[in-house]
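Working notes, beginning with the structure itself.
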Amino acid sequence: MKRKLLSVLLTGALAASMFVGCGTSTETTDTGAAGGDTATETTDTGSTASSGTKVGVAMPTKDLQRWNQDGANMQKELEAAGYEVDLQYASNDVQTQISQIENMINSGCDVLVVAAIEASSLGEAMDMAAEQNIPVIAYDRLIMNTDAVSYYATFDNYKVGTVQGEYIEKELDLANATETYTMEITAGDPGDNNAGFFYQGAMDVLQPYIDNGTIEVKSGQIEFSEVATAQWATETAQNRMENILSSYYADGTNLDICLCSNDSTALGVENALAANYNGEYPIVTGQDCDIENVKNMLADKQSMSVFKDTRTLASQVVKMVGQILNNETVDVNDEETYDNGNGVVPSYLCEPVFADKDNYKELLIESGYYTEDQLK
Ligand code: BGC
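Taking the working numbering, I'd label the letters of the sequence shown as residues 3 to 378.
This is the structure we're talking about:
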């Protein structure tokens, strides 16, 4: 019920906050200006060319660890299933992603898997896919305001926020608290449809404590639009937190809670705390179990993260691709939460899992996600 309302609210709010600057047919190349994405990967092995089924996989950026893993897992699994794969990264540049998708369509991809940079800016590329009857699977992030998206596979984004909020609630025993705790909020990119779900999942747990005075947000910045971080950038989150720390916590006031929607923003907040804060170290939340953040969990600089096993998501999407191409019933487990403005998109939601330094070994090492060496 709440979720349904949320998706309607978010659809309106995010659509309003987004620029719609797509639609050029000019080919843009991956400049790599943001660093790290210079290697646009196209992997047409040709080995299965005779079967001729090609899957285009459009990923946002190589800057963030998780998308590298997502891309690599998808490629491995799709190739193992006998498909050709055209995997592209777009340096977090919307125009680059549009060109990449258009190229995928022109080069004969049969299915597209897209993790959008900007939820509402892929309109014309999506129209092109629809005109040519190419099914599109939205990967991790929903693509908004288009009929072209057939399915959506992601993690339960609202639940990610719930896990973060409930962790804070339990750690500080907020339900029985007699003192006031201070909190600052760092949320995600307003252009990413997931960001509102993470925020709302956490705030639905924590807002009652703000309302009854158990939690005080000293900066007064509580609304999503005030706490959002463009492109999930670490540096942006760091700069904002440094300002907040010097404006509201420089007099020795303790900051007790840093609610951060994901690991890249948590890292910025942790850098700011290291540079600009001498009080008792706060609870810091995160999401993704990025390597730097797991290291910080082990060093007590981050309290928890939410593990989203990208192998699970990739397997689910590969399964979807096969089901779509074989005209079979497609596995979905949610047909009410994700309305993209043109209707509800049938979705498969994978389970996010709470992670901290007590269970990281089992979750991340024993499962083969990382080696112990990677975390040193
Ligand atoms: C993903 C998160 C990720 C964030 C930044 C979101 O859409 O769901 O896992 O941390 O983007 O890349």
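Don't be surprised by glycine CBs; every beta carbon is placed ideally from N, CA and C.
Is residue i helix, strand or coil by DSSP?
{"i": "Met-130", "result": "helix"}
{"i": "Thr-98", "result": "helix"}
{"i": "Lys-172", "result": "helix"}
{"i": "Glu-104", "result": "helix"}
{"i": "Ala-41", "result": "Note that Ala-41 scores a pLDDT of 39, beneath 50, so its modelled location is shaky; the value from the coordinates is reported in the next line. Ala-41: coil per DSSP, three-state reduction."}
{"i": "Ile-217", "result": "strand"}
{"i": "Asp-56", "result": "One point to set straight first is that residue 56 is Lys, not Asp, in the sequence displayed. Strand, per DSSP."}
{"i": "Glu-353", "result": "coil"}
{"i": "Ile-246", "result": "helix"}
{"i": "Met-185", "result": "strand"}
{"i": "Met-205", "result": "helix"}
{"i": "Ile-224", "result": "coil"}
{"i": "Met-76", "result": "helix"}
{"i": "Glu-86", "result": "strand"}
{"i": "Ala-36", "result": "With a pLDDT of only 38 at Ala-36, under the threshold of 50, the placement of this residue in the model should not be trusted; the figure read from the coordinates follows. Note: Ala-36 maps to coil in three-state DSSP."}
{"i": "Leu-300", "result": "helix"}
{"i": "Glu-368", "result": "coil"}
{"i": "Ala-140", "result": "strand"}
{"i": "Leu-124", "result": "coil"}
{"i": "Leu-2", "result": "In the structure displayed, the chain extends from 3 to 378; residue 2 sits before or after that span and is not available."}
{"i": "Ala-155", "result": "strand"}
{"i": "Ile-285", "result": "strand"}
{"i": "Leu-269", "result": "helix"}
{"i": "Ile-293", "result": "helix"}
Going by alpha carbons, who is nearest to residue i out of the options?
{"i": "Ala-357", "options": "Thr-63, Gly-288 and Thr-331", "result": "Gly-288"}
{"i": "Ile-136", "options": "Asp-142, Leu-124 and Ala-150", "result": "Ala-150"}
{"i": "Cys-262", "options": "Tyr-283, Met-185 and Ser-248", "result": "Met-185"}
{"i": "Glu-284", "options": "Asn-195, Ile-187, Glu-294 and Asn-75", "result": "In the sequence under discussion, the amino acid at residue 284 is Pro, which differs from the Glu named in the question. Checked all of Asn-195, Ile-187, Glu-294 and Asn-75; the closest Cα to Pro-284 is Ile-187."}
{"i": "Gly-345", "options": "Asn-256, Ser-152, Ile-170 and Leu-114", "result": "Ser-152"}
{"i": "Ala-197", "options": "Phe-157, Val-296, Val-96 and Tyr-169", "result": "Phe-157"}
{"i": "Lys-56", "options": "Glu-81, Lys-359, Asn-264 and Asp-65", "result": "Glu-81"}
{"i": "Ile-326", "options": "Ser-249, Leu-114 and Glu-225", "result": "Leu-114"}
{"i": "Asp-258", "options": "Ser-248, Ala-239 and Gly-281", "result": "Gly-281"}
{"i": "Gly-190", "options": "Asn-159, Val-219 and Thr-180", "result": "Asn-159"}
{"i": "Gly-163", "options": "Val-207, Val-96, Ala-131 and Gln-240", "result": "Val-207"}
{"i": "Phe-200", "options": "Gln-67, Asn-245, Lys-161 and Asp-72", "result": "Lys-161"}
{"i": "Gly-337", "options": "Val-347, Ala-83 and Glu-218", "result": "One point to set straight first is that residue 337 is Glu, not Gly, in the sequence displayed. The shortest Cα separation from Glu-337 among Val-347, Ala-83 and Glu-218 belongs to Val-347."}
{"i": "Val-308", "options": "Gln-318, Asn-295, Ala-301 and Ser-317", "result": "Asn-295"}
{"i": "Ser-122", "options": "Ala-232, Met-146, Glu-364 and Thr-231", "result": "Met-146"}
{"i": "Phe-226", "options": "Asn-214, Gln-209 and Gln-99", "result": "Gln-209"}
{"i": "Ser-248", "options": "Asn-278, Ala-268 and Gln-240", "result": "Asn-278"}
{"i": "Lys-297", "options": "Val-323, Gln-318 and Asp-265", "result": "Asp-265"}
{"i": "Val-96", "options": "Glu-126, Cys-111 and Ala-83", "result": "Glu-126"}
{"i": "Met-306", "options": "Cys-260, Glu-120, Ile-139 and Ala-179", "result": "Cys-260"}
{"i": "Gly-343", "options": "Thr-148, Ala-83 and Leu-365", "result": "Thr-148"}
{"i": "Gln-376", "options": "Arg-313, Cys-291, Asp-341 and Ile-224", "result": "Cys-291"}
Compute the beta-carbon to beta-carbon distance between residue i and residue j, rounded to the nearest angstrom, for a pair I have assumed lies under 8 angstroms.
{"i": "Leu-89", "j": "Val-116", "result": "Contact flag wrong, Cβ pair sits at about 12 angstroms."}
{"i": "Glu-79", "j": "Val-320", "result": "4 angstroms"}
{"i": "Ser-101", "j": "Thr-63", "result": "About 15 angstroms; that fails the 8 angstroms criterion."}
{"i": "Lys-359", "j": "Met-299", "result": "5 angstroms"}
{"i": "Ala-155", "j": "Tyr-141", "result": "6 angstroms"}
{"i": "Thr-216", "j": "Tyr-251", "result": "So it is not a contact: roughly 19 angstroms between Cβ atoms."}
{"i": "Asn-195", "j": "Leu-144", "result": "4 angstroms"}
{"i": "Met-243", "j": "Ala-274", "result": "4 angstroms"}
{"i": "Ile-107", "j": "Gln-77", "result": "Between Gln-77 and Ile-107 the Cβ distance is about 19 angstroms, and since that is not below 8 angstroms, they are no contact."}
May I ask whether a heavy atom of the ligand BGC can be found less than 6 angstroms away from the beta carbon of residue i?
{"i": "Asp-194", "result": "yes"}
{"i": "Leu-382", "result": "Look at the range of the chain in this structure, 3 to 378, and you will see that residue 382 is not part of it."}
{"i": "Asp-142", "result": "yes"}
{"i": "Asn-264", "result": "yes"}
{"i": "Asp-290", "result": "yes"}
| request: List in chain order: all unbroken beta strand (DSSP E) runs of 3+ residues lying wholly within the segment 311 to 360. | output: Scanning the segment 311 to 360 from its first residue to its last, the whole beta strand (DSSP E) runs of 3-plus residues come out as 349 to 352 and 355 to 357.
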